[in-house]
Every structure is written in C-alpha cells, then in structure tokens.
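Read through the structure below, which is laid out as structure tokens, and then see the notes.
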Amino acid sequence: MACYEFKGFQPIVHPSSFIHPLACVTGNVTIGKNVYIGPSAAIRGDWGEIIIEDGCNVQENCVIHMFPGTTVRLEEGAHVGHGAIIHGAHLGAQCMIGMNAVVMDDVQVGEGCIVGALAFLKAQSKWEPRSIVAGNPAKVIG
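This is how it looks when you write it as structure tokens:
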C-alpha cells in the first residue's frame, strides 16, 4: 500500500480496508472499515482533510482532492466510479458517482443519489437525497 506522510500528516487506514498497491494515499486522510481503493486512485490530503467512511468504494483512476482548508467526506457506503474526480465535495451515504463524473468544490451530494457517468456537478451545488443527477452541467432527471 502506498501511503505517504505529508507535512506531519500520516494517512490512517483501518486494517480491514484494501488499498491497492498502485493507489496513492497522501497526508491527512482517514479511511474507515471495509473500504476498497482501486489501482491508480490518487487520494491527496495535502491541503485539507479527507474522510472516507466505512464501506466506501473508490475505483480505479479516481482523484480525491480539495482547495486548502477544505474537508472532503465520503459518508458510509458511498461509491465513486472509475475515473471520477471528487474535488472538495461531500458525498452522502450510499450515493453512487458514475464513471468519469466531476464533482467540484463545496458540492453536497445527498444520501442515496445516483450521479450519471460524465456528469459535471458545478461548485457549491446541492443535490437532494435520492436524486438522479446527470449531464454537463448536471441537472436532476429523476
């Protein structure tokens, strides 16, 4: 597992979680129980904090990052599809982010939301629980 200290912050990973050896977890990152982090995922807690709660799934080639001073949170059971970018957002429990979606700064994705592949969720947008969100720019479609 590739976990790196940055400016005094060492990632904390629960022993039940799987971090692929080709993933990179850096700095102020906390990973809960039974989390899967796929190959080539970059989880960079270098300018803020990243909290990945129990049962989350971050698939291949995802990027999780933020602007300075921001906390990124993936609540329990959140799923982030292949190649998605989560930049300074808060993902509700059991939500699913589609492949290659981009979720920008200060976005709040509600519990149980489904975000379609290739969607672009603009900064500071808020998505109600159990919404189906798709498009560029994203809108609620169900």
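Residue 5 is where the sequence shown starts when you use my numbering, and the numbers rise one by one after that. A virtual CB, placed ideally from N, CA and C, is assigned to each residue, including glycine.
**Report entry** Straight-line Cα distance separating P19 from A123
**Finding:** Position 119 of the sequence shown, counted from the first residue, corresponds to residue 123. Position 15 of the sequence shown, counted from the first residue, corresponds to residue 19. Distance between the alpha carbons of A123 and P19 is about 33 Å.
- Taking C-beta to C-beta, are G31 and I56 nearer than 8 Å? In the sequence shown, counting from the first residue as 1, residue 31 sits at position 27. In the sequence shown, counting from the first residue as 1, residue 56 sits at position 52. No.
| Anticipated Cβ contact below 8 Å, A105 with A82, distance rounded | The residue given as residue 105 occupies position 101 in the sequence shown. The residue given as residue 82 occupies position 78 in the sequence shown. Not a contact, Cβ separation roughly 13 Å.
- Indicate whether Q3 and H94 have their beta-carbon atoms separated by less than 8 Å. No statement about residue 3 is possible, as the shown extent of the chain runs from 5 to 146 and does not include it.
Distance between T34 and V17 (C-alpha atoms, nearest Å):
What you label residue 17 is simply residue 13 of the sequence shown in a count that begins at 1. What you label residue 34 is simply residue 30 of the sequence shown in a count that begins at 1. When rounded, the distance between both Cα atoms is 6 Å.
Can you list, in chain order, the residues of its chain whose CB lies under 6 Å from that of H69, leaving out five sequence neighbours each side? Residue 69 sits at position 65 when you count from the first residue of the sequence shown. The residues are R48, H91.
Requested in this report: Apply the 10 Å Cβ neighbour rule to E9 and answer buried if 16 or more other Cβ atoms are within range, or exposed otherwise.
Outcome: Against the sequence shown, residue 9 aligns to sequence position 5. Burial call: exposed.
Collapsed DSSP secondary structure at T34 in the structure displayed:
Position 30 of the sequence shown, counted from the start, is the residue given in the question as residue 34. Reduced to three states, the DSSP call for T34 is strand.
| query | Does the beta-carbon of A27 have 16 or more other beta-carbons within 10 angstroms, so that it is buried, or is it exposed? | reply | Within the sequence shown, the letter at position 23 stands for residue 27. Counting Cβ neighbours within 10 Å, A27 comes out buried, since at least 16 surround it.
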